[in-house]
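K.L.:
Below is a structure I'd like to ask you about.
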Amino acid sequence: MLSLAVLASRRVQNALLLVAVAAATYVGNTLSPLEEAVGRGLALSDNQVAVLQGPALAFPMVLAAVAWGALIDRSSRARLIAIIGIVGVGASLLTAVSSSYVALLGARCVAGWVQLAIIPVALSLVADVYPAEARGRATMWVNIAQSIGMAAAFALGGFFLHLLEAWRAAMLGLSIPLIPAAVFTLGVREPPRRETESSAAASWQAVWSYRATLAPLLIGIVMGQIALWADFIWAAPMLARRFMLTPQATGMVMAAGLLVSGVLGSLGGGVFADWCHRQGGASRTTFALSALSAASIPSALFGLLSSAGSASLVLGIFLTLTNMLAVVGTSLFIVVIPNELRGRSLAILVAACVLVGNGLAPLMVSWLASQLGGAQQISVALSGICAAATVVATVAFVIAGRSLCRHLPS
Numbered sequence: 019m020l021s022l023a024v025l026a027s028r029r030v031q032n033a034l035l036l037v038a039v040a041a042a043t044y045v046g047n048t049l050s051p052l053e054e055a056v057g058r059g060l061a062l063s064d065n066q067v068a069v070l071q072g073p074a075l076a077f078p079m080v081l082a083a084v085a086w087g088a089l090i091d092r093s094s095r096a097r098l099i100a101i102i103g104i105v106g107v108g109a110s111l112l113t114a115v116s117s118s119y120v121a122l123l124g125a126r127c128v129a130g131w132v133q134l135a136i137i138p139v140a141l142s143l144v145a146d147v148y149p150a151e152a153r154g155r156a157t158m159w160v161n162i163a164q165s166i167g168m169a170a171a172f173a174l175g176g177f178f179l180h181l182l183e184a185w186r187a188a189m190l191g192l193s194i195p196l197i198p199a200a201v202f203t204l205g206v207r208e209p210p211r212r213e214t215e216s217s218a219a220a221s222w223q224a225v226w227s228y229r230a231t232l233a234p235l236l237i238g239i240v241m242g243q244i245a246l247w248a249d250f251i252w253a254a255p256m257l258a259r260r261f262m263l264t265p266q267a268t269g270m271v272m273a274a275g276l277l278v279s280g281v282l283g284s285l286g287g288g289v290f291a292d293w294c295h296r297q298g299g300a301s302r303t304t305f306a307l308s309a310l311s312a313a314s315i316p317s318a319l320f321g322l323l324s325s326a327g328s329a330s331l332v333l334g335i336f337l338t339l340t341n342m343l344a345v346v347g348t349s350l351f352i353v354v355i356p357n358e359l360r361g362r363s364l365a366i367l368v369a370a371c372v373l374v375g376n377g378l379a380p381l382m383v384s385w386l387a388s389q390l391g392g393a394q395q396i397s398v399a400l401s402g403i404c405a406a407a408t409v410v411a412t413v414a415f416v417i418a419g420r421s422l423c424r425h426l427p428s
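The opening residue of the sequence shown carries number 19 in our numbering; numbering runs sequentially from there.
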């Protein structure tokens, strides 16, 4: 039994870690509620905005993934979190003072690295704090923190833009909460590492033995991220253009949708992942992913609905199911991967997700909209990309589950 002091210390450390994750996610999303204002202010096209919200956020982490993962495996993760917090404040301030598209592009590259670099660090930490049968619930809290950070960015972004009527002033306002958050995360401490008895070479061999399962599992997770990132970037402009919502109303709808779906999806995914692990191991968990992905396909068509209320509701359902997919898939990943390679593997997973999801999904939506007739077709394009991604994810998870049944023990 853990003493009350140990439990209290663990809760404090968990809270500080979640603050760090929420703050880093907030940094990467502060431009989203200001998209339309930034586009008008700098005379940017939809494709230029998509670059700011897609490749600019994704590519720095993609390029740094292997090196960053090696740092996670070999150095103090608490120190890395402190660095991320400080850089996050700087990225937000740089965004606010950027006077040209090139400067804004550079600032968003830094913000994207902050948002994505925190994920493998946080997951590596929770894998060392919790045993395998509890990592689903541990992962869900990381996902909830991300949802809180996104929701806070949309809510405060809409509020500051309505209050100050200028996107640069709104961005400066959005930078204020990051300062105390960076101070709080200096209190994160490094836990002992679990499951470190095998050599790195043996660990790579273990990972390679799972290739028939990990490849389709990775594809399925990446497809889910395409749907999520397409919604994160384009759902707000879609609601504004299709239903003529004000920036404040759009910000509040997105904040509520992201928060509710993130919390419910993460809670459901965490509990479900741990239940599947206890009942049937990895194969049961993988087939659960298939069922969740298939169930999300109809709700991917939210952009085709005729009212703001129904579109927002179905969007929330789709985001909830997709968040469940993210938690279940990630918890399965950190159970399978050995500790010695967990940081590198998670960094590569994040890089793959953002390269296709964050880096390409926004451009895919804007390109498809342009092919369909222009900016007003963004709702059709968004629904089409989300539906196609979930269909591919369902097929990939089925293949992964069959591979587990044939070759791996439960």
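Glycine included, each C-beta is placed from N, C-alpha and C at the ideal position.
1. By the three-class DSSP mapping on this structure, what secondary structure does Y148 have?
2. Alpha carbons only, please: which of S349, A318 and L277 is nearest the one belonging to F336?
3. What do you reckon, are the CB atoms on G361 and D64 nearer than 7 Å?
4. Please specify which runs of the alpha helix (DSSP H), each continuous and at least 4 residues long, are wholly inside the region 312-365, giving them in chain order.
5. Quick one: grab the DSSP three-state call for V281.
6. Does the distance from the C-beta atom of L322 to that of S401 stay below 7 Å?
7. So is M262 buried or exposed if we call it buried at 16+ other beta carbons inside 10 Å?
8. Just to confirm the assignment, what range does the alpha helix (DSSP H) spanning R153 have?
9. Using C-beta distances below 6 Å, list every residue in its chain close to V16, excluding the 5 sequence neighbours before and after it, in chain order.
10. Please classify G392: is it buried, with 16 or more other beta-carbons within 10 angstroms of its beta-carbon, or exposed?
11. Smallest Cα separation from L143: which of L235, A38, S193 and I166?
12. Do P234 and I355 have their C-beta atoms closer together than 7 Å?
13. With R58 as the anchor, note down where its alpha helix (DSSP H) starts and where it stops.
14. Give every residue of the same chain whose Cβ lies closer than 6 Å to the Cβ of A171, excluding the five residues on either side of it in the sequence, and list them in chain order.
15. Determine whether the beta carbon atoms of A399 and A387 lie at a separation below 7 Å.
16. By Cβ distance below 6 Å, which residues in the same chain neighbour G167 in space, the five residues on each side in sequence not counted?
17. Do A245 and the ligand COA come close, with the Cβ less than 6 Å from some heavy atom?
18. With Q66 as the anchor, note down where its alpha helix (DSSP H) starts and where it stops.
19. Compute the Euclidean distance between the alpha carbons of A312 and G347, then round it to the nearest angstrom.
20. Restricting to Cα atoms, I'd like to know which of M158, S384 and S330 is closest to I352.
21. Would you kindly report the start and end of the unbroken alpha helix (DSSP H) that includes V206?
22. Taking 7 Å as the threshold (C-beta atoms), are A309 and A4 in contact?
23. Which of the three DSSP states is assigned to M79 in this structure?
24. Determine the direct distance from the alpha carbon of L381 to that of G375, and round the result to whole angstroms.
25. Between V281 and the rest of its own chain, which residues show a CB-CB distance below 7 Å, the 5 nearest in sequence each way excluded?
26. Between D146 and P209, what straight-line distance do the alpha-carbon atoms span, to the nearest angstrom?
27. Which two residues bound the contiguous alpha helix (DSSP H) that contains G391?
28. Taking the C-alpha atoms as reference points, what is the distance between A61 and L111?
29. How far does the alpha helix (DSSP H) with M262 in it reach, from first residue to last?
30. Helix, strand or coil, according to DSSP, for S193 in the structure here?
31. Give the secondary structure of L49 by DSSP, where H, G and I count as helix, E and B as strand, and everything else as coil.
32. Output the distance between the C-alpha atoms of Q243 and A184, rounded to the nearest integer angstrom.
33. Is S384 helix, strand or coil when you go by DSSP?
P.N.:
To lay it out plainly:
1. In the structure shown, Y148 sits in coil (DSSP, three-state: anything other than H, G, I, E or B).
2. Distances from the alpha-carbon of F336 to those of S349, A318 and L277 put A318 closest.
3. no
4. 326-354
5. helix
6. yes
7. exposed
8. R153 to L182
9. With the chain covering 19 to 428 only, the question about residue 16 has no answer from this structure.
10. Exposed.
11. A38
12. For P234 and I355, no; Cβs fall outside 7 Å.
13. E53 to G59
14. Counting only Cβ-Cβ distances below 6 Å, and skipping sequence neighbours, we find Y44, N47 and T48.
15. yes
16. A40, T43 and Y44
17. In the structure shown, the ligand COA is absent, as is every other ligand, since no ligand is present at all.
18. D64 to Q71
19. 15 Å
20. M158
21. It is not in any alpha helix (DSSP H) - V206 carries neither H nor E in the DSSP assignment.
22. Absent from the model: residue 4. The displayed extent of the chain is 19 to 428, so no value can be given.
23. helix
24. 10 Å
25. I162 and S165
26. 7 Å
27. Unbroken run through G391: none, as it is neither H nor E.
28. 21 Å
29. Premise fails: M262 is in no alpha helix (DSSP H) and is neither H nor E.
30. helix
31. coil
32. Roughly 31 Å between the two C-alpha positions.
33. helix
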